[in-house]
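Residue numbers are given in the numbering used here: position 120 of the sequence shown equals residue 120, and the series is strictly consecutive. Idealized CB from N, CA, C, for every residue including glycine. Here's the structure we're looking at; comments come further down.
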Amino acid sequence: MASEKGFYAGTRSFSWLAELTHLPIDQVNFLVCQFTALGFAILYRKAFCPQKVSTEIRHVVAFTIGFGLGYFCFDSNQISHLVMQTTLSYLIMNYVSPHIMHRLVLFVSLVYLSSMHLMRLTYDYGGWTVDVTGPLMITTQKVSSLAFNLHDGLCQSEEKMTPEQRKRAVRHIPTLLEFFSYIFHFQALMCGPLVFYSDYVDFVEGKSFVKDISPSAVVLRKVSVSIFCALFLITIVPFFPITYLQDPKFLNNTPWHGIQWLYSDGHSKWDLMSNVDIIRFEFSLNFRETLETWNKSTQMWLRFIAYDRAPSHKTLWTYVLSALWHGFYPGYYFTFLGGAIFTLAARSIRRSIRPLFQGKRSTSRLYDIITCITTRIALAYIVFPFILLECHASLAVYMKFYFSGHWLALAAIFLLPYFIPAMVKSTTLGLRKRPQVKYKKILVLIGDIQDNYFCEKISFSKILNMHRFQKKGLQRVAAFERILFLLPFRL
Numbered sequence: 001m002a003s004e005k006g007f008y009a010g011t012r013s014f015s016w017l018a019e020l021t022h023l024p025i026d027q028v029n030f031l032v033c034q035f036t037a038l039g040f041a042i043l044y045r046k047a048f049c050p051q052k053v054s055t056e057i058r059h060v061v062a063f064t065i066g067f068g069l070g071y072f073c074f075d076s077n078q079i080s081h082l083v084m085q086t087t088l089s090y091l092i093m094n095y096v097s098p099h100i101m102h103r104l105v106l107f108v109s110l111v112y113l114s115s116m117h118l119m120r121l122t123y124d125y126g127g128w129t130v131d132v133t134g135p136l137m138i139t140t141q142k143v144s145s146l147a148f149n150l151h152d153g154l155c156q157s158e159e160k161m162t163p164e165q166r167k168r169a170v171r172h173i174p175t176l177l178e179f180f181s182y183i184f185h186f187q188a189l190m191c192g193p194l195v196f197y198s199d200y201v202d203f204v205e206g207k208s209f210v211k212d213i214s215p216s217a218v219v220l221r222k223v224s225v226s227i228f229c230a231l232f233l234i235t236i237v238p239f240f241p242i243t244y245l246q247d248p249k250f251l252n253n254t255p256w257h258g259i260q261w262l263y264s265d266g267h268s269k270w271d272l273m274s275n276v277d278i279i280r281f282e283f284s285l286n287f288r289e290t291l292e293t294w295n296k297s298t299q300m301w302l303r304f305i306a307y308d309r310a311p312s313h314k315t316l317w318t319y320v321l322s323a324l325w326h327g328f329y330p331g332y333y334f335t336f337l338g339g340a341i342f343t344l345a346a347r348s349i350r351r352s353i354r355p356l357f358q359g360k361r362s363t364s365r366l367y368d369i370i371t372c373i374t375t376r377i378a379l380a381y382i383v384f385p386f387i388l389l390e391c392h393a394s395l396a397v398y399m400k401f402y403f404s405g406h407w408l409a410l411a412a413i414f415l416l417p418y419f420i421p422a423m424v425k426s427t428t429l430g431l432r433k434r435p436q437v438k439y440k441k442i443l444v445l446i447g448d449i450q451d452n453y454f455c456e457k458i459s460f461s462k463i464l465n466m467h468r469f470q471k472k473g474l475q476r477v478a479a480f481e482r483i484l485f486l487l488p489f490r491l
């Protein structure tokens with residue numbers, strides 16, 4: 001939090017309001033910017049609608065308002081970092097080959113963002129003061145997604161692109177006005193969410209404009225939900241501080257500790273800038289649904305940039321990018337790398353266990369209830385380091401748990417498929433059945449390995465290849481390879 005003598009660089013014109021509300025000046029300025037942007041949004045829709053003004057004017061108005069709000073909240077020194085990062089990215093888009101441009105833009109923007117994250121650690125370690133690193137995280141998403149969209153539009157054929165890539169592909173480099181309007185438009189400069197360039201251009205050009213339908217009711221509902229969550233955060237959450245987990249008395253005297261419910265503000269689903277589906281998030285049945293409903297624009301960016309394009313280990317690289325994008329507090333890496341493990345564990349459990357409950361509606365509902373509860377517990381177990389931030393405090397809590405959650409997740413990934421094999425699709429009527437894995441076939445495989453290795457000196461890998469082609473019922477050779485790899489056989 002910023003104080004009068006703190007490092008916060010934004011304007012202090014509303015210091016009187018900060019004293020009146022007992023809120024830090026940085027938070028007051030942020031709220032003033034958000035409500036001012038809401039007022040400008042009404043004006044933008046009424047006075048600068050596509051039927052009344054040109055596209056260029058709409059770009060100029062969106063850029064001017066956004067840049068002004070940024071200057072109000074961060075001052076010229078910090079806002080210059082936004083200009084510097086995005087200008088470097090724009091130059092790369094114009095002067096570097098589109099075949100490599102997208103990767104270079106992602107690298108440069110992440111390096112710039114990372115340098116600002118590291119700088120912040122030196123003057124506000126563990127603090128939550130509003131500064132330019134928040135908008136820099138959004139501009140990093142914008143320039144990198146635009147670069148990948150340009151790469152798809154200029155280099156990829158229609159056949160090689162996914163439907164989502166075809167939808168978002170950009171066929172020409174934006175003009176300087178279009179680019180900086182997209183970067184600084186007031187609707188999403190301060191805290192997002194991300195809007196892909198193609199969607200933003202459609203909005204400015206009026207392709208998504210509906211004249212006779214007013215968004216007033218939806219806006220009122222969103223604002224009401226946001227105010228309710230903000231009041232809840234201010235009045236209720238302080239009674240349950242996450243830092244209590246660091247208290248030695250709590251660690252030593254609480255048998256089941258560390259399970260905290262994390263509440264967040266957000267918006268209900270309505271348009272392209274909806275970022276959180278609160279109901280689905282709070283009652284999600286698995287990790288996948290949790291990720292899809294929380295910070296949805298960032299999940300789309302991660303999937304579009306990393307998951308859909310990584311040649312292997314997609315889940316791991318996606319979580320690594322997410323952690324790097326957030327910064328360098330150790331808690332981020334505990335959360336996201338642990339999240340990768342829990343995501344893989346959830347997939348394994350769903351494939352092996354869920355079919356057992358699908359025979360009746362009652363058992364199916366029971367499965368949903370169980371997974372909803374376990375997802376809440378697993379989420380709290382994984383996410384608390386994200387709030388604590390510190391390595392020692394996070395490890396202290398996990399050690400009190402004996403890392404039990406991690407061990408269970410690893411068991412679900414590596415052991416569960418051996419005891420309860422996953423379901424595979426049948427060739428008739430779309431029914432599903434389990435692969436016929438028989439223990440005697442496993443024993444035959446191991447026996448052949450022993451006989452051939454000790455008698456004929458045939459290599460271990462060659463025997464496995466023989467059984468790959470000979471077997472029909474043995475569907476999980478890859479799984480057995482991992483077990484047999486632990487045996488003292490020479491490859």
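Compute the beta-carbon to beta-carbon distance between residue i and residue j, rounded to the nearest angstrom, for a pair I have assumed lies under 8 angstroms.
i	j	result
W301	A310	Not quite, the Cβ-Cβ distance comes to about 14 angstroms (not below 8 angstroms), so this is no contact.
V105	M93	7 angstroms
H81	V132	5 angstroms
A340	Y307	At roughly 11 angstroms, the Cβ-Cβ gap does not stay under 8 angstroms, so A340 and Y307 are not in contact.
L189	G327	20 angstroms between Cβ atoms; not a contact.
F384	I242	7 angstroms
E205	T55	5 angstroms
C49	G10	Contact doesn't hold; Cβ gap of about 32 angstroms is too wide.
F179	Y44	The pair is not a contact, with the Cβ atoms about 19 angstroms apart (cut-off 8 angstroms).
G338	I387	The pair is not a contact, with the Cβ atoms about 14 angstroms apart (cut-off 8 angstroms).
F196	S145	6 angstroms
Quick check on residue i: buried or exposed, where buried means 16 or more other Cβ atoms within 10 Å of its Cβ?
i	result
A147	buried
G331	buried
M116	buried
A18	buried
G430	Here the model assigns G430 a pLDDT of 41, short of 50, so the residue's position is not dependable, and the following value carries that caveat. Result: exposed.
A169	buried
D247	exposed
S519	With the chain represented from 1 up to 491, any question about residue 519 goes unanswered, as that position is not in the structure.
L285	buried
L136	buried
G192	buried
P417	buried
S323	The question names Ser, but residue 323 is Ala in the sequence shown. Buried, because 16 or more other Cβ atoms sit within 10 Å of the Cβ of A323.
K360	exposed
R350	buried
T86	buried
V111	exposed
Y329	buried
G405	buried
H59	buried
A393	buried
T129	buried
H99	exposed
S312	exposed
Q165	buried
Y8	buried
S352	buried
P163	exposed
Report yes if the CB atom of residue i is closer than 8 angstroms to the CB atom of residue j, and no otherwise.
i	j	result
L177	T140	no
T290	L194	no
V143	S109	yes
L245	V53	no
A62	S181	yes
S348	F357	no
G126	L389	yes
Could you confirm whether any beta carbon from chain B is found closer than 8 angstroms to the beta carbon of residue i?
i	result
F196	Absent from the structure is chain B; it holds one protein chain and no more.
The segment 216-225 / the segment 292-300 touching (three or more Cβ pairs under 8 angstroms):
no
Tell me whether the segment 341-353 and the segment 400-419 touch, counting them as touching only if at least three CB pairs, one residue from each stretch, are closer than 8 angstroms.
yes
Three-pair Cβ contact test at 8 angstroms for the segment 26-44 versus the segment 5-15:
yes
Are the segment 31-40 and the segment 153-162 in contact at 8 angstroms, needing three or more beta carbon pairs?
Counting Cβ pairs under 8 angstroms, fewer than three are found: no touch.
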